[in-house]
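Numbering (this note's numbering), first residue to last: -15 to 161.
Down below is the structure, laid out as structure tokens.
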């Protein structure tokens, strides 16, 4: 994924990744016979990393919701790298039908996190039951995507404060009418 961040899609090749890792390209070709396999692996790696971070959260209620959603924002080098790779491979999947299922799986995972976050808020009494959970899940996803993209454009590592403030205010407002 560092190759994707530094060199873009044009640099994401078995040869480029092997050079970054300091190994022979032939060795890496055993694991990734095609560029498609390498691209799919990158998307799966993002999902695995985010899932592991989420599984490690030992929180409940609103702190858990905050923790879940923060895993999807570019708040440190690792999460920024994941988002850069996800965006580049996601755009490629618009024209690469073989890559599309892996990109959709990753996107659906983000949707699930948003809906789980709303269920946790509801269980904690911090989600107005008069609100439509499906709509609010879509709205939360759109907000997260916007915050994340704004964070990418803001520089190498964006200031977390403004991103967190917008997200926190939105979550607070979900408790009201």
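Every residue gets a Cβ at the ideal spot worked out from N, C-alpha and C, and that includes glycine.
A quick note: this is a predicted structure, and the numbers were derived from the prediction, not measured.
At 4 residues or longer, and completely inside the stretch 72 to 149: list those alpha helix (DSSP H) runs for me, N to C.
84 to 107 and 117 to 137
- Task: Would you mind sorting residue 30 into buried or exposed? The rule is 16 or more other CB atoms within 10 Å of its CB.
- Result: buried
Mapping the DSSP letters down to three states, classify residue 69 as helix, strand or coil. helix
Exercise for the section: Taking all protein chains shown into account, decide if residue 133 is buried (16 or more other Cβ within 10 angstroms of its Cβ) or exposed. Expected result: Under this definition residue 133 is an exposed residue.
Going along the chain, which residues of its own chain have a beta-carbon closer than 8 angstroms to the beta-carbon of residue 89, five neighbours each way excluded? 27 and 31
* Starting from residue -5 and walking both ways along the alpha helix (DSSP H), at which residues does that stretch end? -> Careful: residue -5 lies outside any alpha helix (DSSP H) and carries neither H nor E.
*Given 8 angstroms as the limit, is there contact between the stretch 113 to 124 and the stretch 72 to 88, that is, 3 or more CB pairs closer than that?*
no
- Are residue 8 and residue 52 closer than 8 angstroms when you measure CB to CB? no
Q. Residue 6 by DSSP, collapsed to three states: which one?
A. coil
Does DSSP put residue -11 in a helix, in a strand, or in coil? helix
message = Please state the DSSP three-state secondary structure of residue 42.
response = coil
Looking only at its own chain, which residues have a Cβ that is under 6 angstroms from the Cβ of residue 2, when we skip the five neighbours before and after it?
Contacts found: 9 and 12.
**Message:** Less than 8 angstroms between C-beta atoms, sequence neighbours within five positions excluded: which residues of the same chain meet that for residue 22?
**Reply:** -4, -3, -2, 1 and 16
Please list, in chain order, all residues of the same chain as residue 66 whose beta carbon is under 6 angstroms from its beta carbon, the five residues on each side excluded. 30
On a Cα-Cα basis, can you pick out the residue from 96, -8, -6 and -14 that is closest to residue 5?
-14
With C-beta atoms as the reference, is residue 150 less than 8 angstroms away from residue 104?
-> no
Can you name, in chain order, every residue of its own chain whose Cβ lies under 8 angstroms from the Cβ of residue 106, other than the five neighbours on each side?
113 and 117
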